[in-house]
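Trainee: The structure follows.
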Amino acid sequence: MESFRSHTGLVAPLDRANVDTDQIIPKQFLKRIERTGYGEFLFFDWRSDAGFILNRPEYSKASILLAGRNFGCGSSREHAPWALQQYGFRVIIAPCFADIFGNNALKNGLLAVSLQEPEVTTLFERAGRAALELTVNLESCRVSGKDFDAPFTIDSFARHCLLHGLDDIGLTLQHESEIAQFEAGRPLWMPTVHGD
Amino acid sequence: MPRTAFDKIWDAHVVRHATGEPALLYIDLHLVHEVTSPQAFDGLRQAGRRVRRPGLTIATVDHNVPTTPDRLLIRDPIAAAQISALRKNAEEFGIVLLDMNSGRQGIVHVVGPELGLTQPGMTIVCGDSHTSTHGAFGALAFGIGTSEVEHVLATQSLPQQRPRTMLVRVDGRLPRGITAKDLALGIIGTIGTDGGTGHVIEYAGEAVRALSMEGRMTLCNMTIEAGARAGLVSPDETTFAYLKGRPYAPQGEDWDRAISHWATLATEAGAAFDSEVRIAAEQLEPYVTWGTSPGMVVPVTGVVPGPQEAVSDSEREGVLRALEYMGLSPGTRVDQISIDRVFIGSCTNSRIEDLRAAARLVRGHKVHANVRALVVPGSEAVKRAAEAEGLDEMFRSAGFEWREPGCSMCLGMNPDTLAEGERCASTSNRNFEGRQGRGGRTHLVSPEMAAAAAIAGHFVDIRRWEGAG
Ligand code: SF4
């Protein structure tokens, strides 16, 4: 995983709540068997509307997406964070995220930052008026910009992994003997699909 | 201290828990399908890793498969490539694949339970958000992303933060004509689409105890639409009776051992939850979603709401967008909304009991001239059982199409989709924009409501349907 320490970038305001993963990357693009090639299909259906935020030239360089509550609800498709990241986003800021999306984002080094609802409202107002640049610092856990500074919380272990770009499969495999020990104590009547 | 079923399952699966780290949880069963797995297998290959426990892993094809009789011929080359990738991966990593025409293929959340693989007290994951379905058996079951799929394949375990718990207690009995689907929609309408975020929900109370396993699966299935990754029902006699004799259920003495363990799993009286919600069963009605989020739900006797009922600016925006997308105006009576399509299927409502309930309603009727209606059984086993009972004939002679099993029009990754502007009464679980096809308009309902709508051409109150109940 790519490590994440701090990022400064332009904000694109997507003022909608419950943005679901079907919108982020519609199903017709889930048939690919690769991890790449999703960026150009981000918000595919919404992008056919010329007024859609990401079609506006002033946001073409945006790398921070600001969104409404419950961002990433719906399907567990990890293609959603892949698409956001491959499009060029490094950070998503919203009042709250759907659980599975939040996990998937962190596993890919895409930072999902929850701020308080009033803070998000303030950011929407500012981003709607003029170009808004923010710095999201994972070391200090703060989002800051001109006349704006807010702390955020993030699970400390996830933060540690992100800061150091750790591969969590590798981390778990360090505890292989504990897994094996646990396995040895499982009841024998539990189902196995075939002898392994 | 009295414990919840969730507490017991969680505590029994912690492999290790170092301070400041998430717990490492052992996974008893990993279900795999074609859409969220290819990149995970690729990751294993690149790192030179193997699947730790192929025997605790099972794969099927469901999302992409066509549902027409000639389904083995997959005309969409990208879908075909994805299915063949799963075949190759299963072979290479030694995983059993329930392929088409194996007699056991079907939607991943239908086949696990019907094979008896889903059992009380287990931890179950799948790269699919509706894995919550398996919680009906008193298992801890939740959806994961592709990176986590790779993690479980490689280690048979998953680092997890302990979620909070929520009790949803449904007091009293469900009135006639009110199904588990209505209960699920009623709960989502009450707590909202993010009401369960960060929680595991336990469903309890008289109405839940009275549900069949199929009903409990429908209820737990929709848990993710309320934001909770997992929902469960404490196991009881209904659970055990369903499992007995299934292919992977324990046999003989093992069965007795299993039962005595399962009987210890139920939530104990007085166990504490982080939050509690009470629902009065008698107040529930048959529901229809009117908008583009499962929380946008009204009783069939109601009207389409308007922006004036919204509590905030952004909610008002959301309502206006949904009304426009759905082509509806506020104040329209729900029972006057005409439909073009009906879909009976999906991991929410494609089990034998769902098909029986729908078939009972259509007997002696004809699908309305303006409606095209589809029945897609959840698995090859469900299809066989339905055909043995003659349900296929009842549907066919009423004018429904009777298809091969798969996810089908629940998400339209295969050729079963809505055309732009088409309006569908669907027994599936998501009414998001474009979910069933770009520009398609989805109304979520129970199988009975969908069947009646197919006949009438518009939504009808199932409680007034002749011969209902
Ligand atoms: S039926 Fe629908 S919700 Fe269920 S697994 Fe298939 S696509 Fe997902």
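Chains S and R, in that order, give the protein sequences. Note that the first sequence covers residues 1 to 196 in this note's numbering. Note that the second sequence covers residues 1001 to 1469 in this note's numbering. Each residue gets a CB set at the ideal place from its N, CA and C atoms; glycine is no exception.
1) Can you tell me where the beta strand (DSSP E) with SER1234 (chain R) in it begins and where it stops?
2) Here's the rule: buried if 16 or more other CB atoms are within 10 angstroms of the residue's CB, otherwise exposed. What is GLU40 (chain S)?
3) If the criterion is Cβ atoms closer than 9 Å, does the pair PRO169 (chain S) and GLU1150 (chain R) meet it?
4) On the DSSP bridge assignment, give the partners of TRP1255 (chain R) in chain order.
5) Can you find a heavy atom of the ligand SF4 that lies under 8 Å from the Cβ of SER1132 (chain R)?
6) With 9 Å set as the bound, which would you pick, yes or no: does the beta-carbon of SER75 (chain S) sit closer than that to a beta-carbon of chain R?
7) So GLU1276 (chain R) is in the beta strand (DSSP E); what residue range does that whole segment cover?
8) Classify GLU1114 (chain R) as buried or exposed, calling it buried when 16 or more other Cβ atoms lie within 10 Å of its own Cβ.
9) Does the distance between the C-beta of HIS1109 (chain R) and the nearest non-hydrogen atom of the ligand SF4 fall short of 8 Å?
10) At a cut-off of 8 Å, would you count LEU1411 (chain R) as near the ligand SF4, judging by its Cβ distance to the nearest heavy atom?
11) Give the straight-line distance between the Cα atoms of SER1346 (chain R) and GLU1401 (chain R), rounded to the nearest whole angstrom.
12) Compute the minimum distance between the beta carbon of ASP1076 (chain R) and the heavy atoms of the ligand SF4, and state whether it is under 8 Å.
13) Give the straight-line distance between the Cα atoms of GLY1412 (chain R) and ALA1271 (chain R), rounded to the nearest whole angstrom.
14) Can you tell me the Cα-Cα spacing of VAL1108 (chain R) and ALA1454 (chain R), whole angstroms?
15) Would you say the beta carbon of HIS1443 (chain R) comes nearer than 8 Å to a heavy atom of the ligand SF4?
16) So with CB distances below 8 Å, who are the chain S contacts of MET1413 (chain R)?
17) Can you list the residues of chain R that GLU34 (chain S) reaches, using a CB-CB cut of under 9 Å?
18) By Cβ distance below 7 Å, which residues in the same chain neighbour LEU1391 (chain R) in space, the five residues on each side in sequence not counted?
19) Hey, would you say the C-beta of CYS1220 (chain R) is under 8 Å away from at least one heavy atom of the ligand GDP?
20) When DSSP builds the beta bridges, which residues end up paired with MET1100 (chain R)?
21) Select from R:GLN1160, R:ALA1269 and R:TRP1262 the residue whose C-alpha is nearest the C-alpha of THR1019 (chain R).
22) Just list the residues that DSSP pairs LEU1174 (chain R) with in beta bridges.
23) Could you compute how far the alpha carbon of TRP1290 (chain R) sits from the alpha carbon of VAL1334 (chain R)?
24) Please report how far the alpha carbon of HIS164 (chain S) lies from the alpha carbon of GLY145 (chain S), in whole angstroms.
25) I need the boundaries of the alpha helix (DSSP H) containing GLU1393 (chain R), first residue and last residue.
26) Any C-beta of chain R sitting closer than 9 Å to the C-beta of THR192 (chain S)?
27) What separation, rounded to the nearest whole angstrom, lies between the Cα atoms of LEU1361 (chain R) and ILE179 (chain S)?
28) Step through the CB atoms of chain R and report whether any lies within less than 9 Å of the CB of LEU173 (chain S).
29) At which residues does the alpha helix (DSSP H) containing PHE1343 (chain R) begin and terminate?
30) Using only the heavy atoms of the ligand SF4, determine whether one of them is closer than 8 Å to the beta carbon of SER1346 (chain R).
31) Taking the alpha carbon of GLU1225 (chain R) as the point to measure from, which residue in R:SER1275, R:GLY1198, R:ILE1344 and R:MET1326 has its own alpha carbon closest?
32) Using the C-alpha atoms, what's the distance from ARG1384 (chain R) back to GLY185 (chain S)?
33) Going along chain S in order, which residues have a C-beta closer than 7 Å to the C-beta of GLN1161 (chain R)?
34) Distance check for GLU1466 (chain R) and GLY74 (chain S), CA to CA, integer angstroms please.
35) Report the residue from R:MET1217, R:SER1212 and R:VAL1168 whose alpha carbon sits nearest the alpha carbon of GLY1196 (chain R).
36) Give a yes or no on whether the minimum CB-CB distance between GLN86 (chain S) and chain R is below 9 Å.
Mentor: Taking the geometry as given:
1) Element bounds for SER1234 (chain R): n/a, residue is neither H nor E.
2) exposed
3) The identity of residue 169 (chain S) in the sequence shown is Ile, whereas the question assumes Pro. Yes.
4) The partner list for TRP1255 (chain R) (beta bridge, DSSP) is empty, contrary to what the question assumes.
5) no
6) yes
7) 1275-1280
8) buried
9) Because some heavy atom of the ligand SF4 lies under 8 Å away, the Cβ of HIS1109 (chain R) counts as near it: yes.
10) yes
11) Pairing SER1346 (chain R) with GLU1401 (chain R), the inter-Cα distance amounts to about 15 Å.
12) No, the ligand SF4 has no heavy atom inside 8 Å of this Cβ.
13) 42 Å
14) 27 Å
15) no
16) LYS27, GLN28, LEU30 and LYS31
17) Close partners of GLU34 (chain S) in chain R (Cβ separation under 9 Å): PRO1038, GLN1039 and ASP1042.
18) LEU1355, ARG1356 and ALA1359
19) Among the ligands present in this structure, namely the ligand SF4, the ligand GDP is not found.
20) None; MET1100 (chain R) has no bridge partner.
21) THR1019 (chain R) has its Cα closest to that of R:GLN1160, out of R:GLN1160, R:ALA1269 and R:TRP1262.
22) LEU1174 (chain R) has no beta-bridge partner at all, per DSSP.
23) 8 Å
24) 25 Å
25) Residues 1391-1398.
26) yes
27) Cα atoms of LEU1361 (chain R) and ILE179 (chain S): separation of roughly 52 Å, rounded to the nearest angstrom.
28) yes
29) Note, PHE1343 (chain R): premise wrong, no alpha helix (DSSP H); beta strand (DSSP E) at 1341-1344.
30) yes
31) R:GLY1198
32) Rounded to whole angstroms, GLY185 (chain S) to ARG1384 (chain R) spans 39 Å at the Cα level.
33) Here the neighbours are ASP155.
34) 36 Å
35) It is R:VAL1168.
36) Chain R has no Cβ within less than 9 Å of the Cβ of GLN86 (chain S).
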